Amino acid sequence: KRSRLWRHSDILQVLNKPKGAERVEALSLDMSQGSRIIQLSPKIFEEMDNLRLLRFYFMDHWYENPTKLHLPQRGLEYLPNTLRLLHWDLYPSPSLPSNFRPESIVYLKMHESSLTQLWEGDNVHLVNLKVCDLWGSKELIQIMDLSGVPNLEELNLGGCRSLVEIPSSIQFCRKLTTINVMWCVNLCGFPSDLRLTALEEVDLYECRRIRELPKLPSTVKMLRLHESGIKQVTAASIGHLTQLRTLFVGDIVESLPSEIGFRNSLEVLWIWGRGPKVISIPDTICNLPRLVFLACRSCENLGSFPNGIGRLERLETTYIDMEGCSKIRSLPSDIGGLERLERLDMEGCS
């Protein structure tokens with residue numbers, strides 16, 4: 001007679017013999033507990049017409065011998081249209097049921113799934129969806145047309161290594177705050193204009209096929225570009241980012257623009273050289289009043305650290321990994337002015 005089930009034994013009983021399934025409104029199964037293989041019927045949820053929350057998840061990511069849910073080759077045939085939250089890690093089928101109408105869904109999370117696409121066809125209107133998190137779905141080739149998802153706030157496609165394109169219809173997602181496509185190594189189609197007025201975080205780490213930084217709104221606070229195909233970071237591309245707090249850049253051509261020193265909001269600056277192209281760091285970074293973390297890694301042609309670094313009164317960590325920065329011969333003379341400095345790492349400063 002219960003409407004909400006989260007005990008392992010109770011849920012297994014319902015999945016094996018769905019007695020009283022019409023009463024169930026929430027199923028939450030931590031699959032890192034137990035070590036069973038459960039063969040699900042394709043119509044297992046057919047009687048659960050009041051189901052609003054469905055979670056098959058891993059509380060502990062470092063699991064061994066977890067509970068595994070198997071579906072027949074034809075996949076799942078039914079999901080209730082009443083679902084508002086769907087969280088199914090390791091979802092075993094290439095798509096969700098074709099008759100599933102997810103207009104009510106607010107939160108969609110399917111980590112490391114076998115999805116190649118979410119739904120067949122483009123006529124899906126997810127007017128209530130706020131979070132779409134398909135992290136690690138390595139077989140995912142495409143996502144849905146985003147023009148029918150006007151309230152989307154977070155799009156996480158990190159690790160979707162087969163994904164080739166983010167549709168231009170992302171421009172309809174006016175409430176979007178986060179775009180994460182890190183490790184999407186085959187992603188080559190990416191909108192050139194992302195001036196979405198709510199956007200705060202853009203992660204393009206290891207997107208090697210993306211060559212140009214898209215136009216971004218001034219609201220962006222976090223930008224990760226290292227290991228991507230973006231080799232130029234210019235004043236024109238980041239100079240207007242007045243709220244930028246965290247910037248990761250990689251094997252850029254020559255140096256950062258001097259205008260970086262006028263981003264008073266910047267707190268974290270990480271330069272990952274990974275090659276010979278970064279030859280200097282602009283002295284203007286010593287004007288950043290809020291900078292607390294400065295990292296220069298593998299910048300093998302970087303000849304010196306900026307003079308005036310002692311003015312960075314809030315700086316707590318300077319991280320210099322001389323696995324790459326082997327040409328730096330001395331520290332700036334005013335480094336003693338960093339009274340809050342907790343860690344100075346110069347490993348490999350040959």
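Residue numbers (the UniProt record's numbering): 1 to 350.
Virtual Cβ for every residue (Gly too), placed ideally from N, Cα, C.
What you are looking at is a predicted structure, and each value in this text was computed from that prediction instead of being measured.
Asked	Found
Cβ-based neighbour list, Glu112, same chain, cut-off 7 Å, excluding 5 preceding and 5 following	Asp89, Leu90, Gly136 and Ser137
Span separating the alpha-carbon of His87 from that of Met31	12 Å
CA-to-CA distance, Arg36 to Asn65, given in whole angstroms	8 Å
Run of the beta strand (DSSP E) containing Asp10, from where it starts to where it stops	Taken as a continuous stretch (DSSP letters only), Asp10 belongs to no beta strand (DSSP E), being part of the alpha helix (DSSP H) at His8 to Asn16.
Chain-order list of residues whose beta-carbon lies under 7 Å from that of Leu344 (same chain, five-residue window excluded)	Thr318
Where Leu234 falls, given that 16 or more other Cβ within 10 Å makes a residue buried	Note that residue 234 corresponds to Thr in the displayed sequence, not to Leu. Per the 10 Å Cβ criterion, exposed.
Endpoints, beta strand (DSSP E) assigned at Cys179	Note that residue 179 is Ile in the sequence shown, not Cys. Counting along the chain, the beta strand (DSSP E) containing Ile179 begins and ends at Thr178 to Asn180.
Among Val106, Glu139, Thr116 and Asn156, nearest to Pro150 - alpha-carbon criterion	Val106
Same chain only: Cβ atoms within 8 Å of Leu163, ignoring 5 sequence neighbours per side	Leu140, Ile141, Gln142, Ile143, Leu157, Val181, Cys184, Asn186 and Leu187
Short Cβ contact (8 Å threshold) for Cys282 with Gly310	This sequence places Pro at residue 282; Cys is not what is there. Cβ atoms of Pro282 and Gly310: not closer than 8 Å.
Of the residues Ile238, Arg211, Ile230 and Cys160, the one placed nearest Thr219, counting alpha carbons only	Ile238
Coil, strand or helix - Cys286 by DSSP	helix
Counterpart residues of Met222 in DSSP-defined beta bridges	Glu201 and Thr246
8 Å contact criterion, which Ser280 and Ser258 should meet: CB distance rounded	The Cβ separation is near 10 Å, so there is no contact.
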